[in-house]
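In what follows, a single structure is set out as structure tokens and then discussed.
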Amino acid sequence: MDLKLGGSVRSIDLVVFDCDGVLLDTMDAKIEAFRSWVPQRHLELQQSFMEAVMQGFGKSRQRHIEYFYRELVGEVPSAEFLEAEVERFGDICEPMCAAAAWRTGSKEFVEACADAGMPRYVLSGTPQQPLEQMLESTGASGLFDAIIGSPPAKPESMERILEETGVSANRTVFVGDANADHLAALHVGAHFVYFPSEAVRPVNQIVTEVNDLRELLVVEPDS
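Numbering-wise (this note's numbering), the sequence shown opens with residue 308 and increments by one.
What follows is the structure in structure tokens.
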């Protein structure tokens, strides 16, 4: 399938999508969930934590929560405590994201890829089960060949996706909205499409940026 990337038309055989802020309009809910999660006894750290969250969108919730305790509180949480805190975050976050809508143009782009026979993967920092439940609740899960949550981290998952599909990196696109997404694409040498959301802009140079994923489609001239 031909897509418009970096000012030219490229033949692409695989598209990988981040979920939050790319497929679904869940960013406001996720941000509020992280803010609400901060324990009452540590509310003075809320602003510092939220700055780290905004810089690190695309990483797993476990990474964010572990950062909070290790770097901000100055404690080393046990595995059991960390698991309980991740579960507590999920109890806050999942209901807030359950009714998320598609971002404008994203469903239409995914459907265009499906119509062209293009393999479509979801790769998210959200844990596997809540990721599947969120996509199922919006009727999106059936549009994808595979849905991959966290762990592992996105760079390792990108390696696995290319290995499983046999598609070369130069014919693969990763669509994301955060620095973690861009780094995962760079890790394997895939094309990256930046679709801005509330997340902080990636730090490296962006070649392809869109405000609607349909901008990537090559429109055939009328015959």
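All residues carry an ideal CB built from backbone N, CA and C; glycine is no exception.
Here the structure is a predicted model, which means the values were calculated and not measured.
Counted within 10 angstroms of its Cβ, other Cβ atoms place Asn486 as buried (16 or more) or exposed:
Around the beta carbon of Asn486, a 10 Å sphere encloses 16 or more other beta carbons of the protein chains shown; the residue is thus reported as buried.
Give me the residue from Leu321, Leu310, Thr333, Asp309 with the minimum Cα distance to Phe451.
The shortest Cα separation from Phe451 among Leu321, Leu310, Thr333, Asp309 belongs to Leu321.
Rounded separation between Ala447 and Gln440 - CA only
Roughly 10 Å between the two C-alpha positions.
Can you list, in chain order, the stretches of the beta strand (DSSP E) that have 3 or more residues and sit fully within the segment 389-456?
Whole beta strand (DSSP E) segments, 3+ residues: 427-434.
Let me make sure I understand the geometry here. Which of Asn477, Leu438, Ala506, Val329 has the alpha-carbon closest to that of Leu312?
Considering only alpha carbons, the answer is Asn477.
Residue interval of the beta strand (DSSP E) (run including Val322)
Secondary structure note for Val322: its beta strand (DSSP E) is the uninterrupted segment 321-324.
With DSSP as the reference, label Leu312 as helix, strand or coil.
Reduced to three states, the DSSP call for Leu312 is strand.
Start and end residues, beta strand (DSSP E) containing Thr479
Start and end: 479-483.
Looking at C-beta atoms only, is the number of pairs between the segment 464-483 and the segment 494-501 that lie closer than 8 Å three or more?
Cβ pair count under 8 Å is three or more, so yes.
State the DSSP-derived secondary structure class of Arg508, mapped to helix, strand or coil.
Here Arg508 sits in coil by DSSP.
Span of the alpha helix (DSSP H), counted from its first residue to its last, around Tyr376:
In the DSSP assignment, Tyr376 falls outside any alpha helix (DSSP H), carrying neither H nor E.
Which value, in whole angstroms, describes the spacing of the CA atoms of Ser530 and Gln362?
Because Ser530 sits at a pLDDT of 41, beneath the cut-off of 50, its placement in the model cannot be relied upon, and the following sentence gives the value as read from the coordinates. Those two C-alpha atoms are separated by around 47 Å.
How far does the alpha helix (DSSP H) with Val495 in it reach, from first residue to last?
According to the DSSP assignment, Val495 belongs to the alpha helix (DSSP H) that extends over 486-495.
Taking 8 Å as the cut-off, does the segment 423-435 touch the segment 321-337 (at least 3 CB pairs, one atom from each stretch)?
These segments touch.
Just to confirm the assignment, what range does the beta strand (DSSP E) spanning Val500 have?
Residues 498-501.
What did DSSP end up calling Glu466 once you bin it into helix, strand or coil?
Three-state DSSP puts Glu466 in a helix.
Continuous alpha helix (DSSP H) stretch holding Gln354: start and end
Where Gln354 is concerned, the enclosing alpha helix (DSSP H) stretches over 353-362.
Under the three-state reduction of DSSP, which class applies to Leu330: helix, strand or coil?
Here Leu330 sits in coil by DSSP.
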